[in-house]
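Our numbering runs 173 ahead of the 1-based position in the sequence shown.
A virtual CB, placed ideally from N, CA and C, is assigned to each residue, including glycine.
Have a look at the structure below, then the notes.
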Amino acid sequence: MVLMRSLLGIGLALIVIGCALIVAKESRYLQSAQDRATQEEVKLQLGAPKLTTTTPAGESLWVYEVREIEPGSQNTWASAGSWCDEYRLTFDSQGVLRRWTHKSYFHGGELMPVSCNSTMGVEKPAL
Numbered sequence: 174m175v176l177m178r179s180l181l182g183i184g185l186a187l188i189v190i191g192c193a194l195i196v197a198k199e200s201r202y203l204q205s206a207q208d209r210a211t212q213e214e215v216k217l218q219l220g221a222p223k224l225t226t227t228t229p230a231g232e233s234l235w236v237y238e239v240r241e242i243e244p245g246s247q248n249t250w251a252s253a254g255s256w257c258d259e260y261r262l263t264f265d266s267q268g269v270l271r272r273w274t275h276k277s278y279f280h281g282g283e284l285m286p287v288s289c290n291s292t293m294g295v296e297k298p299a300l
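See the structure below:
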């Protein structure tokens, strides 16, 4: 009985660790950076954003796009497509990261869309 519980505990720990590895590195960083990282620190980690703007409330909004071509999509027998992850980061007036969202889009047959959420992209749940 003790052995069974130990094996069950080890199995659950491995599942949790495995799920943590699936989360994108950008998401892992943003989770740890929320409410503490400045714009400069975020830029050092993620690079320059694709788009920057200001919200009506005076907050800075940065948009990042991370693209990945589906494996085998260069093969003529494969269904071509690409993934695009969109991150929207909101900074307060002091330049501290306060909120962020992540959306994942699949673009079947459209290898390099203009933006992640273009008309051909299908939004998929982000992990």
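Item: Just to check my reading of the structure: W256 and L203 have Cβ atoms closer than 8 Å, yes? What is that Cβ distance to the nearest angstrom?; Value: Not quite, the Cβ-Cβ distance comes to about 18 Å (not below 8 Å), so this is no contact.
Item: Of all the options T228, G220 and P229, which has the alpha carbon lying nearest to the alpha carbon of E238?; Value: G220
Item: With respect to 8 Å, is the separation between the Cβ of Q207 and the closest non-hydrogen atom of the ligand ADP below this value?; Value: The model on display carries no ligand, and the ligand ADP is accordingly not part of it.
Item: Taking only the alpha-carbon atoms, compute the straight-line gap between T225 and R209 and give it to the nearest angstrom.; Value: 20 Å
Item: Can you list, in chain order, the residues of its chain whose CB lies under 6 Å from that of Q218, leaving out five sequence neighbours each side?; Value: Y202
Item: Do you know how far the Cα of N290 is from the Cα of T249?; Value: Any reading at T249 is ruled out, since the residue's pLDDT is 47, under 50, leaving its predicted position unreliable.
Item: Taking its Cβ as the centre, do 16 or more other Cβ atoms sit within 10 Å of E241, making it buried, or is it exposed?; Value: exposed
Item: Kindly indicate which three-state DSSP category E232 falls into: helix, strand or coil?; Value: coil
Item: From I195 to Y260, what does the alpha carbon distance come to, in whole angstroms?; Value: 17 Å
Item: Which two residues bound the contiguous alpha helix (DSSP H) that contains S266?; Value: Segment: none, S266 is in no alpha helix (DSSP H) and carries neither H nor E.
Item: From W235 to A197, what distance separates their C-alpha atoms?; Value: 18 Å
Item: Mapping DSSP to helix, strand and coil, what is K223?; Value: coil
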